[in-house]
Amino acid sequence: MTRTPPYRDQFRAAVDTVRQEGRYRIFRDIRRKKGAFPCATWFKDDLKEQDITVWCSNDYLGMGQNECVVEAVKSAVDAAGTGSGGTRNISGTTRYHVQLEAELADLHGKDASLVFTSGYVANEAALSTMSKILPGLHILSDEMNHASMISGIRNARTHKHIFAHNDIADLEAKLKAIPVDAPKLIAFESVYSMDADIAPIEAICDLADTYNALTYIDEVHAVGMYGPRGGGICEQRALMDRIDIIQGTLAKAYGMIGGYIAADKVIVDAIRSLASGFIFTTSIPPSTAAGALRSVRILKISPEMRDQHQDRANALKARFRSAGYPFIDGDTHIVPLMVGDPVKCQAISDRLIEDYGIYAQPINFPTVPRGTERLRFTPSPFHTDAMMDELMAALSDVWAAYDLPREKVA
Ligand code: PMP
628 MTRTPPYRDQ FRAAVDTVRQ EGRYRIFRDI RRKKGAFPCA TWFKDDLKEQ
678 DITVWCSNDY LGMGQNECVV EAVKSAVDAA GTGSGGTRNI SGTTRYHVQL
728 EAELADLHGK DASLVFTSGY VANEAALSTM SKILPGLHIL SDEMNHASMI
778 SGIRNARTHK HIFAHNDIAD LEAKLKAIPV DAPKLIAFES VYSMDADIAP
828 IEAICDLADT YNALTYIDEV HAVGMYGPRG GGICEQRALM DRIDIIQGTL
878 AKAYGMIGGY IAADKVIVDA IRSLASGFIF TTSIPPSTAA GALRSVRILK
928 ISPEMRDQHQ DRANALKARF RSAGYPFIDG DTHIVPLMVG DPVKCQAISD
978 RLIEDYGIYA QPINFPTVPR GTERLRFTPS PFHTDAMMDE LMAALSDVWA
1028 AYDLPREKVA
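Here is the structure:
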């Protein structure tokens, strides 16, 4: 007989709390269809399947289904098999990894880059290692930074200062209070993925110059999508050389999996040599590196994809604006529709998928603060006007059914 695990009731109670707060997570079981992005099939249960349109994918440009990327993955599997067979140090560095790192370094105008198993791991491993290199380090972190940065900073076990979101005056006050000769690092994002806003990067770089601080930027929601070659917001604003460490992902615009940092070769060498999250884990499969390499190369020379992406995001924002929905009308491709209640947010998402085949996952605490629950729409170059019309018709019904207001977000 299987043994009953000790403390089982406590596990159940923990989940019950989450459920009572209306933020129990239901994973939609979907099958993506190559060549039909953003259309997919939803398996409601073992008996019922339904065609849906996905409105919340982070495969922002549909590169996960791009013919050339798929071919690159297939031919690498044929040539090299599946897994990499080891950590980077012990047989897990392949030609594909080496070429991918050279390509990413070039993308960001840096000497070197380092690929990790995910964007999360890249942030956690790189940031937690900084204090081994710089004893007494002070890390200044934007209050809205992603969980992976927070975890890395926490694990650095050094001085940390949280500055108000995008608040230059607060950042400066905190920098000023740190002893002049103490090492400092400012960690922030370019595009904040839940609020769809962009950091004042240039002003942060100015402060970094004044106070002699390293700059570390997470461009996870910008690489591939912004800048003449997809080098992110820093490339778009000609600021790449003012940022010391640029972090990105291969899992969103590039449609694969994996994360990276790009920086001066001495910095990359130090992180490569000391970061546990890099050293003690198997490297990404050669085929993943091959697919990512192809994807980065394609997007370097595809400004029309970026234009089309922005065009579609603008089209959705224009529709939301004229219908008077409370959405965050930012400068990015992310369109958050504010609901402000976890139970209603889940219910609206349920109605949209069940009655209209429209998939928008509810975003609840702790991903966003309580009371700011939302549906986060991420239109891609492949979301047509007809799909937008369907979405607007469905939203109109569901919004009214839950008696939600139509007023602008302040
Ligand atoms: N940084 C930010 C800002 C993110 O939103 C995410 C994932 N959503 C990550 C890092 C982690 O990236 P990955 O999904 O590649 O692990």
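Numbers 628 to 1037, taken from this note's numbering, label the letters of the sequence shown in order.
In this text, a Cβ means the ideal position worked out from N, Cα and C, and glycines have one as well.
Given the structure is predicted, the values throughout are model-derived calculations rather than measurements.
- Shown here, Ala-667 sits in a strand according to DSSP, grouped into three states.
- For Gly-779, the three-state secondary structure derived from DSSP is helix.
- Rounded to whole angstroms, the gap between the alpha carbons of Tyr-723 and Ser-914 is 8 Å.
- Annotation: the continuous alpha helix (DSSP H) that includes Ser-1023 extends over 1012 to 1028.
- Under DSSP, the beta-bridge partners assigned to Gln-874 are Asp-845 and Ile-888.
- If you compare the alpha carbons of Val-970, Arg-659 and His-735 with that of Gln-647, the shortest gap goes to Val-970.
- Unbroken alpha helix (DSSP H) stretches of 4 residues or longer found wholly inside the region 755 to 820: 774 to 782 and 795 to 803, given in chain order.
- In the structure shown, Gln-726 adopts helical secondary structure according to DSSP, grouped into three states.
- A heavy atom of the ligand PMP is found nearer than 7 Å to the CB of His-848.
- Residue side-chain check: Glu-770 keeps its Cβ at 7 Å or more from all non-hydrogen atoms of the ligand PMP.
- Residue range 930 to 950 is occupied by the alpha helix (DSSP H) that includes Met-932.
- Contact between Asn-793 and Asp-769 holds, since their C-beta atoms are separated by about 7 Å, short of 8 Å.
- In the three-state reduction of the DSSP assignment, Glu-648 falls in the coil class.
- About 7 Å separates the CB atoms of Tyr-843 and Gln-874; that is less than 8 Å, so the two are in contact.
- For Asp-833, the enclosing alpha helix (DSSP H) has its first and last residue at 828 to 838.
- The closest CA to that of Gly-712, considering only Gly-859, Pro-827, Met-776 and Phe-907, is found on Phe-907.
- Annotation: the continuous beta strand (DSSP E) that includes Glu-676 extends over 676 to 681.
- Looking at the backbone, the Cα of Asp-836 and that of Ala-814 are separated by about 14 Å.
- The C-alpha of Arg-715 is placed about 34 Å away from the C-alpha of Arg-655.
- When distances are taken from the beta-carbon of Ala-796 to the heavy atoms of the ligand PMP, even the shortest one reaches 7 Å or more.
- Contact annotation: Ala-940 and Val-966 have beta-carbon atoms that are not nearer than 8 Å.
- When the alpha-carbon of Gly-708 is set against those of Leu-920, Ala-916 and Asp-824, the nearest one is in Ala-916.
- Separation of Ala-878 and Leu-727 (C-alpha to C-alpha, rounded to the nearest whole angstrom) is 14 Å.
- Residue range 694 to 707 is occupied by the alpha helix (DSSP H) that includes Ala-703.
- Ala-897 and Asp-797 have their C-alpha atoms spaced approximately 31 Å apart.
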